[in-house]
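Numbered according to this note's numbering, the sequence shown spans residues 1 to 224. What follows is a single structure, written as structure tokens, with notes after it.
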Amino acid sequence: KRHKIHLNFLNKRLLQDTQYLHKLNHHQLIGIKYFDDFSKKIPRDEVQSCEKILKVIANKMNPDFHVTICGSYRRGRNRSGDVDTLLTHSSIKTMDDLKNQGQGILNQFIFILEQTGFLVDHLTNESTTKYMGVCICPKKSKIARRIDIRFVPYQSYSASILYFTGSKNFNTAMRAHALHKGYTLNEYGLFKLENGKKTEQVICPTEEDIFKVLKLEYVEPENR
């Protein structure tokens, strides 16, 4: 409610005091507001500091939460474009569990991060599974950074880590090999194919298990 009141106030100001900004949507306004900051890459040590904050908050909510930063950071790169985050809980195993039991969990996580001053602006709001926004790591810089947080079921976590770690070419090669072996692989899991149709999920607790099922030697993230 407070957020909507604030937005209405801002929209009135934009309409009264600017010639063009009132014609832009929320995402476009955020892009303009942080244009210079978003154009800068994030140093690795700053992503590490963000990771510590996210893990501390998640652990205080519940020790069974798991947080992983993916993307180029997990591939060992020195700089990243954003903070690509995965969140899961060991008791929320399937997508049905997430829909039935996970309502409000991501929003609570976001609310606490906002109260601590870590999150400073939002691109999405009130989603059960995905958040996009803007964060500032106070101990490292005053530069605003893009952050995505995805809340995924525990049985999908390893496949999600694999998918969102990348790279794009590596993911394409993995999916092609999975099809060759009679499976389909995506961010939700590894599934057996029968007559070209997806059937039951093959439960793989870790990335290494996905490689084993597909008869592949495990590839370390930094080599992807």
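Even glycine gets a Cβ: it sits at the ideal position worked out from N, Cα and C.
The C-alpha of residue 189 lies about 12 Å from the C-alpha of residue 164.
With at least 16 other beta carbons inside 10 angstroms of its own, residue 145 counts as buried.
The C-beta of residue 194 has fewer than 16 other C-beta atoms within 10 Å across all chains shown, which makes the residue exposed. The Cβ-Cβ distance between residue 73 and residue 56 does not fall below 9 Å.
The three-state reading of DSSP puts residue 135 in strand, counting E and B together.
Within the region 115-199, complete beta strand (DSSP E) segments of at least 3 residues are found at 119-122, 130-135, 145-151, 183-186, 189-194, given in chain order. Taken through DSSP and simplified to helix, strand or coil, residue 43 comes out as strand.
Residue 211 has its alpha-carbon roughly 21 Å from the corresponding atom of residue 196. Each of 96, 83, 132, 120 was checked against the Cα of residue 106, and the nearest Cα belongs to 132. Taking 9 Å as the cut-off, the Cβ atoms of residue 143 and residue 37 count as close. Spanning the alpha carbons of residue 54 and residue 66 requires a straight line of approximately 10 Å. DSSP, read as helix, strand or coil, puts residue 24 in coil. Around the CB of residue 155, 16 or more other CB atoms lie within 10 Å, so the residue is classed as buried. Residue burial is scored here from C-beta neighbours: residue 9 has fewer than 16 other C-beta atoms within 10 angstroms and is therefore classed as exposed. Annotated three-state conformation of residue 105 is helix, per DSSP. For residue 102, the CB contacts under 7 Å within the same chain, skipping 5 residues up- and downstream, are 92, 128, 151 in chain order.
Distance from the CA of residue 120 to the CA of residue 135, rounded to the nearest whole angstrom, comes to 6 Å. Within the same chain, 189, 191 come within 6 Å of residue 201 by CB-CB distance, once the 5 residues on both sides are set aside. Non-local beta-carbon contacts of residue 199 in its own chain, meaning distances under 6 Å to residues more than five positions away in sequence, involve 192 in chain order.
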